[in-house]
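> Sequential numbering of the sequence shown, starting at 369, is according to our numbering. I'd like to ask some things about the structure below.
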Amino acid sequence: MPDTPGESGQQTTESTSSSGAGPLTIYFHWCKACGICISFCPNQVFTSDRDGKPVISYPDKCTQCAICWLHCPDMAIVSNEK
Ligand code: SF4
Ligand code: SF4
Numbered sequence: 369m370p371d372t373p374g375e376s377g378q379q380t381t382e383s384t385s386s387s388g389a390g391p392l393t394i395y396f397h398w399c400k401a402c403g404i405c406i407s408f409c410p411n412q413v414f415t416s417d418r419d420g421k422p423v424i425s426y427p428d429k430c431t432q433c434a435i436c437w438l439h440c441p442d443m444a445i446v447s448n449e450k
């Protein structure tokens, strides 16, 4: 029997705020846990998980200032609103 998976729809591992639709999408498979976004966010939107990766703990504080996604060396952060 041929084992041809065919178009195996590319799966994207992503995470938005744990509270559902959020201001940002963080692509954790790109994130290397450098902590820049957590440190640079002027509004303390992020906390870090135990691996040092950002968690969008306070999405309501995000002003879409762009600092996090402009400084992320791995371009792992994308705005959901811009
Ligand atoms: S866009 Fe600005 S306010 Fe929003 S999480 Fe990123 S650094 Fe913080
Ligand atoms: S700046 Fe980018 S790579 Fe660094 S912790 Fe944040 S999301 Fe991850």
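Glycine included, C-beta positions come from ideal geometry on N, C-alpha and C.
List in chain order: all unbroken alpha helix (DSSP H) runs of 4+ residues lying wholly within the region 404 to 435.
The qualifying runs are 404 to 408.
> Looking only at DSSP bridge pairs, what is residue 392 linked to?
Counted from its first residue, the sequence shown places residue 392 at position 24. Beta-bridge pairing links residue 392 to 447.
> At a cut-off of 7 Å, would you count residue 431 as near ligand 1, judging by its Cβ distance to the nearest heavy atom?
In the sequence shown, counting from the first residue as 1, residue 431 sits at position 63. Result yes, Cβ under 7 Å from ligand 1.
> Nearest-angstrom Cα distance between residue 418 and residue 409?
Taking the first residue of the sequence shown as 1, we reach residue 418 at position 50. Taking the first residue of the sequence shown as 1, we reach residue 409 at position 41. So the alpha carbons of these two residues sit roughly 19 Å apart.
> Quick check on the burial criterion: 16 or more other C-beta atoms within 10 angstroms. Buried or exposed for residue 438?
What you label residue 438 is simply residue 70 of the sequence shown in a count that begins at 1. Its Cβ having fewer than 16 others within 10 Å, residue 438 is exposed.
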